[in-house]
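**Q** Can you keep this structure in mind? I'll have questions shortly.
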Amino acid sequence: MPEEELYDITADPHETKNLTGSAEHAAVTKELRGVLETWIEESGDQGRVLEPPELAAAKGSTKPSSEPNTGSRPKGKQKKAKAANQSVR
Numbered sequence: 239m240p241e242e243e244l245y246d247i248t249a250d251p252h253e254t255k256n257l258t259g260s261a262e263h264a265a266v267t268k269e270l271r272g273v274l275e276t277w278i279e280e281s282g283d284q285g286r287v288l289e290p291p292e293l294a295a296a297k298g299s300t301k302p303s304s305e306p307n308t309g310s311r312p313k314g315k316q317k318k319a320k321a322a323n324q325s326v327r
């Protein structure tokens, strides 16, 4: 599972101090961990296991020659299409 994080968003609105390891917040961390575990089991969520590093490195790309969210055009054609779209405006 990903590293746990717990913040007091009233006292720390920018979430700079992770309270997960704090003895003062151990009960809250334990309670929320249980809620998450129950939700994972009931929903069949796959978040318990991190994705393989090579999948994370692909950043959403499904083909080696493509970029995420840009389709499967080679990079040169993407630049030409972008330039054409900008000149129409």
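The end of the sequence shown is residue 327 by our numbering, with every number in the run present. Built from N, CA and C at the ideal position, the CB exists for glycine as well.
If I follow the unbroken alpha helix (DSSP H) through S281, where does it start and stop?
**A** 264 to 281
**Q** Identify whether L257 lies in helix, strand or coil by the three-state DSSP scheme.
**A** Coil at L257, not helix or strand.
**Q** What is the DSSP secondary structure of E242, counted as helix, strand or coil?
**A** coil
**Q** Helix or strand or just coil, what does DSSP make of L288?
**A** coil
**Q** Kindly confirm or deny that the segment 241 to 249 and the segment 265 to 283 touch, where touching means at least three C-beta pairs closer than 8 Å.
**A** yes
**Q** Could you give the distance in angstroms between the alpha-carbon of E279 and the alpha-carbon of E289?
**A** 18 Å
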